[in-house]
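Worksheet: one structure, shown below.
There are 2 protein chains.
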Amino acid sequence: MDQVQKILQGDPRAAARLMTMIENGSPESITLLKSLYRHTGRAYVIGVTGPPGSGKSTLTDGITEELRRRGKTVGVVAVDPTSPFTGGAILADRIRMQRHSLDSGVFIRSMATRGHLGGLARATNDVVDVLDAGGKDYIIIETVGVGQDEIEIVRSAHTSIVVAVPGMGDDIQAIKAGVMEIGDLFVVNKADRDGADKAIMEIEMTLHLGKGTDGWRPKVLKTVAVKGEGVAELAQAILEHQAFLQQRDGRRQKGKERSYWVFFELLQERLTTRVLEGVASNGTLDGLIERIAARETDPYSAVEEVLKKAGL
Amino acid sequence: MDQVQKILQGDPRAAARLMTMIENGSPESITLLKSLYRHTGRAYVIGVTGPPGSGKSTLTDGITEELRRRGKTVGVVAVDPTSPFTGGAILADRIRMQRHSLDSGVFIRSMATRGHLGGLARATNDVVDVLDAGGKDYIIIETVGVGQDEIEIVRSAHTSIVVAVPGMGDDIQAIKAGVMEIGDLFVVNKADRDGADKAIMEIEMTLHLGKGTDGWRPKVLKTVAVKGEGVAELAQAILEHQAFLQQRDGRRQKGKERSYWVFFELLQERLTTRVLEGVASNGTLDGLIERIAARETDPYSAVEEVLKKAGL
């Protein structure tokens, strides 16, 4: 049986192998992804974001458990901007999820930034497709931080969850910046700490300032994920949002938005690679950079030069 | 006198006007940037990053003051992934820097993500060039979060500073992921809190695992930025790193790395815009996205189709 068949039947090892190929940028992975793509689009995608230390992993763990209890299968993609140098930290983080490791209904994958010139978002989208084609009912994408790519990854989910913790002071502001308008659900985790009600109030006040474009009124929930408190309610809220989208044709709309984002990321990556390879192959790339660095040309003129040579 | 002349003479209003044009993606801004570019390359660029709530703004404020005390002029670029929806938060954040507002030797600019399809890194690079051409001796770029673009923005600086705070537990791990290897200097801010020494020890341990490639041994410093403690030492460490780079031809090397990054970001943005406009102008973009969403084609084949049409 070939790798595509195995993945479609939910073979975790075949899926993991393809994910590694995706991360390494293997050309073969593209052939496989093309074959898999028409089997995607069934999974419901949940995005979870929030600052470091907000307990996203524990919450993801809790949501996974609730969905399993309802008989649903779950894929988890943890996006960590990291490097070989710091791979250990990620490993430690993932250990928390190990209690699902013997459950064939759960598949967990950590994504790391390998190179330093993009590609993380594209690779994450590809891994989601592999899980989707493999029949996972729900896919949870978890991202650290408030970076632009990370926001987009979560925005492209069907349900986006923004996690905050009480008593971070400035952090509520930092959370607002960028992710406030993408949240369908807001979670104040570690809600047994001082300041939980204040954090909830601040989020609700900010929500009142904005207006949802799709008729959904974002919810704010309290959890203490390490004790499992509020997690069932969170899972319930996810299912409500899913039902809401289903009723209002929102799922098709979100699917289209997601397709645009996936297409855009891929186009950007492949275009740049294609054109840069062209410049590098005739040995002019290094010279061009030297000239920019020496101020003999400027970046805009250099890019125009390259575009012209590429016939664009 | 034209706008370029005014900017070169350090006119803050002319500079601010160009920065707004850059943020709005005005085509005229490109003409101006091309004229300015050969006057850049003199400023020393400092990148400051760390998680929300770590006190980056206060530290930046302190560094600015120390540099001013030494008679140096300073530009500050605060990169906040935000939106019109949340602009208020940023404003509040900037108020802390207001004590420099009457000092013509300091120029402060907040950058916000306008659209949601990239361009922040490119715009930030352009704003740095405007400050550089305007004669600022030092430019401090401050970024929130640990996103991929944000890491690259800081990496492209001459001196990169990574800020942590004690007692964040998991956060030290999250900080390690992605930014540990880009730091020339590490600052444990709010060092009057419990756990400062532990945080320092953890950072030093992680540093021992990695090895610097350029001969510089990263330093770990303690600060209490709100009280000004340790800030003079931090400024001193920045100057030491600058002297180190100067001695070892490191500045030229970093300049070249920065040129590559600037070129890459710009190429990526302009290529994608150019090609997407082509697809959009003949009305096929929407149809293409529909077909991807309906699984009639896959993103890889769709991108290949577009590349082929563009003759690439």
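If you're matching them up, the sequences are chains P and X in order.
First residue of the first sequence: 660, per the working numbering; consecutive thereafter.
First residue of the second sequence: 660, per the working numbering; consecutive thereafter.
Don't be surprised by glycine CBs; every beta carbon is placed ideally from N, CA and C.
CA-to-CA distance, residue j to residue i, given in whole angstroms
i, j, result
"I749 of chain X", "S769 of chain X", "In this predicted model, I749 of chain X has a pLDDT of only 47, less than 50, meaning its place in the structure is not dependable enough to derive any value."
"V962 of chain P", "E936 of chain P", "14 Å"
"L893 of chain X", "I722 of chain X", "7 Å"
"A823 of chain P", "G842 of chain P", "11 Å"
"L898 of chain P", "M860 of chain P", "24 Å"
"M839 of chain X", "M864 of chain X", "11 Å"
"E916 of chain P", "A953 of chain X", "12 Å"
"I948 of chain X", "K913 of chain P", "12 Å"
"L966 of chain X", "I800 of chain X", "36 Å"
"R933 of chain P", "G970 of chain P", "13 Å"
"Q906 of chain X", "V787 of chain X", "24 Å"
"G774 of chain P", "G942 of chain P", "The predicted model places G774 of chain P with a pLDDT of 48, which falls under 50 and marks its position as unreliable; any figure quoted below should be read in that light. Roughly 22 Å separates the two Cα atoms."
"H759 of chain X", "D908 of chain X", "33 Å"
"D720 of chain P", "G764 of chain X", "51 Å"
"D873 of chain P", "E888 of chain X", "49 Å"
"G669 of chain X", "D785 of chain X", "16 Å"
"I730 of chain P", "Q895 of chain P", "In the sequence as presented, Ile is not what sits at residue 730 of chain P; that position holds Gly. Each residue's alpha carbon lies about 14 Å from the other."
"F922 of chain P", "R929 of chain P", "10 Å"
"M680 of chain P", "I705 of chain X", "37 Å"
"G684 of chain P", "G684 of chain X", "32 Å"
Residues that DSSP places opposite residue i in a beta bridge
i, result
"Y703 of chain X", "X:Y797"
"G730 of chain X", "Note: G730 of chain X sits in no beta bridge, so no partner."
"A639 of chain P", "What the structure shows of chain P is the stretch from 660 to 971, and residue 639 of chain P is not part of that stretch, so it cannot be assessed."
"M770 of chain P", "P:V738"
"D943 of chain X", "Looking at the sequence provided, one finds Thr at residue 943 of chain X rather than Asp. In the DSSP output, where bridge partners are listed per residue, T943 of chain X has none listed."
"V883 of chain P", "P:E888"
"K878 of chain X", "X:L844"
"T818 of chain X", "X:I705"
"V765 of chain P", "P:V733"
Beta-carbon spacing of residue i, residue j below 8 Å
i, j, result
"I820 of chain P", "V738 of chain P", "no"
"T708 of chain P", "T783 of chain P", "no"
"H817 of chain P", "Y703 of chain P", "yes"
"Y959 of chain X", "L692 of chain P", "yes"
"T717 of chain P", "A850 of chain P", "no"
"L844 of chain X", "K878 of chain X", "yes"
"A858 of chain X", "V847 of chain X", "yes"
"A891 of chain P", "E682 of chain P", "no"
"Q927 of chain P", "T931 of chain X", "yes"
"A902 of chain X", "K881 of chain X", "no"
"V736 of chain P", "I689 of chain P", "no"
"P710 of chain P", "P710 of chain X", "yes"
"V789 of chain X", "M678 of chain X", "yes"
Chain B contact for residue i (CB, 8 Å cutoff)
i, result
"S960 of chain X", "Structure shown: chain B not included; protein chains present are P and X."
Sequence-distant residues of its chain with Cβ nearer than 7 Å to residue i (five each side left out)
i, result
"K795 of chain X", "A702, T732, V733, G734 and F766"
"K665 of chain X", "A673"
"A780 of chain X", "D808, E811, I812 and E924"
"W875 of chain P", "D843, H900 and F903"
"W920 of chain X", "E811 and S815"
"P713 of chain P", "Going by the sequence as given, residue 713 of chain P is Ser instead of Pro. V822, A823, V824 and N848."
"G946 of chain X", "none"
Residues of its chain near residue i, where Cβ-Cβ distance is below 8 Å and the 5 sequence neighbours each way are ignored
i, result
"D762 of chain X", "R727"
"L667 of chain X", "L695, H698, A792, G793 and G794"
"R676 of chain P", "Q662"
Chain-ordered chain P contacts of residue i [CB-CB under 8 Å]
i, result
"F922 of chain X", "L947, I948, I951, P958, A961 and V962"
"V934 of chain X", "L926, L930 and L971"
"K795 of chain X", "None at all; the shortest Cβ gap to chain P is about 17 Å."
"I689 of chain X", "Y959"
Chain P contact residues for residue i, given Cβ-Cβ distances below 9 Å
i, result
"Y696 of chain X", "I951, R954, T956, D957, P958, Y959 and S960"
"L966 of chain X", "L926, R929, L930 and R933"
6 Å CB neighbourhood of residue i in its chain, flanking five on each side removed
i, result
"R950 of chain X", "T956"
"V862 of chain P", "The question names Val, but residue 862 of chain P is Ile in the sequence shown. So the qualifying residues of the chain are F845 and V879."
"V938 of chain X", "L944 and V965"
"K715 of chain P", "V707, G709, E801 and V822"
"P972 of chain P", "Residue 972 of chain P lies beyond the stretch modelled for chain P, which goes from 660 to 971, so this question has no answer here."
"R911 of chain P", "none"
"K968 of chain X", "none"
Neighbour list for residue i in chain X, Cβ cutoff strictly below 9 Å
i, result
"T699 of chain P", "R954 and D957"
Neighbour list for residue i in chain X, Cβ cutoff strictly below 8 Å
i, result
"G914 of chain P", "A952"
"I812 of chain P", "In chain order: nothing, as chain X lies at least about 10 Å away."
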